[in-house]
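Numbering (the working numbering), first residue to last: 6 to 419.
Built from N, CA and C at the ideal position, the CB exists for glycine as well.
This one's a predicted model, so the numbers in the text were calculated from it and none came from an experiment.
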Amino acid sequence: MLVQSQPRGVLASPLFLLLLFVSGLGLGWFTALGTLSGRNGLDMPLLGQAWETIHQRYVDQAAVKPRRMTYGAIAGMVDALGDTGHSTFLPPSTVKHLKEMEHGELKGIGVQIQMKGGHVVIVAPLDNSPAQHAGLRAGDVILKVNGQDISGWPPSRVVERITGPAGTQVELTVLSARTGKARQLTITRAAIKLHEVTWQLLPGTAIAHLRIAEFDAGATKDIIGLLPQIQREAEAGIILDLRDDPGGLLDEAVGVTSQFLASGNVLLAKDAKGHITPIPVEKGGQATNTPVVVLINDGTASAAEIVAGALRDAHRATLVGGTTFGTGTVLEQFGLPDGSALLLAVEEWLTPDGHSFWHKGLEPEVAVAMPDDAAPLFPEAERDMTPAQLQSSDDHQLLRAVSLLEHANQRAAK
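Okay, here's the thing in structure tokens:
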């Protein structure tokens, strides 16, 4: 997901009133709010009657928990928007989890999930996380958590069940996107420190493999610090690896893209009224003439899609791999009084040429499939490899990117 911070004090009045009611106000408040209901379209008396009926008549009174019902009501309103997998309600524990990720550390198994086609789908496992080591892949569908069927659960509830203290275990039943077979995995949670940016000179080449795992705070700063050395050692170009990158912060996407573009726009922002605002490239890019190939796959989402789309539209890079996830909106976070929050899609992102990728993704210009049992090769694994080991690896996408850069250099030398 792509997140923007929200202005302080922004709070939707119908939601606030609903929170007041379920915190203890009575049905009379809903009757008194009839005028407000007519103005904003929210039928408060109807909600009040449903609430009172449940409290008075539901047979299992132990299950009538005001806080849970409050969250269910809010989540239901957001779900009714039909923006599945994007706009969502976050309970306090999930808000805390999101903040930890933005600051580069979290406790859990290290996986990003979203709703897609009615299923809880893995967007991407984080680099060097328990999820990645257990073999979870982008596109895998989570069927059960600790033996409990999660059909119909919102992503926030799934996150709550999967995350937990470091050293504890969670059991997942997962349907493989590649084989179509279900398997059970027991994964030990850990305290995960995210390493957003890594790179390695590929063995036997003058090509840098530059990996961005996530666009969290500091990604641009890391790229700026690494580029001078990369350009000294990688004369043949850069492979920018955005595979299994679930995205992150808009400012970081703009900052990273601007290191590779001298001018133009990074993206176009379209608001609810259809107004389009261009987001320009920031001046001072260090690698505006360096040959670049970008690797993408079905785990490339959000901010990573913005970068890939901008470099493609500017004819600065060839996209190699598979179609991206299709997260084309900015989610603005609106905090609620108890620490929960709404993530609402407030703008749609378009590529600089005006192409939408929301729910569709970006298609590669050079489509390269990976073997079913193969995982992407990332820089940390390449440090001790020989040229022969690299060439014999199963990462067909990376090898195709190497070939494209080498052929481009050969043509330029003639």
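Item                                                                                                                                                                                     : Value
Report the residue from 202, 373, 404, 318 whose alpha carbon sits nearest the alpha carbon of residue 271.                                                                              : 318
Would you identify the three-state DSSP class for residue 218, choosing helix, strand or coil?                                                                                           : coil
For residue 318, which of helix, strand or coil comes out of DSSP?                                                                                                                       : helix
Can you look up residue 226 in the DSSP assignment and give me helix, strand or coil?                                                                                                    : helix
Going by DSSP, what residues sit across from residue 154 in a beta bridge?                                                                                                               : 149
At 4 residues or longer, what runs of the alpha helix (DSSP H) sit wholly inside the region 292-370?                                                                                     : 308-318
Would you mind reading off the limits of the alpha helix (DSSP H) that contains residue 138?                                                                                             : 135-138
Just verifying my parser: in three-state terms, what is the DSSP assignment at residue 289?                                                                                              : coil
Does the separation of the CB atoms of residue 99 and residue 161 fall below 8 Å?                                                                                                        : yes
Would you tell me roughly how many angstroms separate the C-alpha atoms of residue 304 and residue 84, rounded to the nearest one?                                                       : 23 Å
Helix, strand or coil for residue 186 per DSSP?                                                                                                                                          : coil
For residue 175, which residues in the same chain have their Cβ closer than 7 Å to its Cβ, ignoring the five residues on either side in sequence?                                        : 114, 150, 151, 167, 169, 192, 194
Which same chain residues, not among the five before or five after residue 41, have their C-beta less than 6 Å away from its C-beta?                                                     : Residue confidence is low: residue 41 scores 45 on pLDDT, short of 50, so the model does not pin down where it sits. No coordinate-derived value is stated.
Kindly list the residues whose CB is nearer than 7 Å to the CB of residue 141, restricted to its own chain and excluding five residues on each side of it in sequence; keep chain order. : 116, 127, 130, 179
With DSSP as the reference, identify every bridge partner of residue 127, one or two as the case may be.                                                                                 : 118
So, using beta-carbon positions, are residue 421 and residue 258 closer together than 8 Å?                                                                                               : Outside the shown range of the chain (6 to 419) lies residue 421, about which nothing can therefore be said.
Could you tell me the distance, in whole angstroms, from the CA atom of residue 77 to the CA atom of residue 324?                                                                        : 41 Å
Would you be able to state if there are at least three C-beta pairs under 8 Å between the region 222-232 and the region 385-394?                                                         : no
Going by alpha carbons, who is nearest to residue 276 out of 211, 334, 299, 88?                                                                                                          : 334
When the Cα atoms are used, what is the spatial distance from residue 251 to residue 158?                                                                                                : 21 Å
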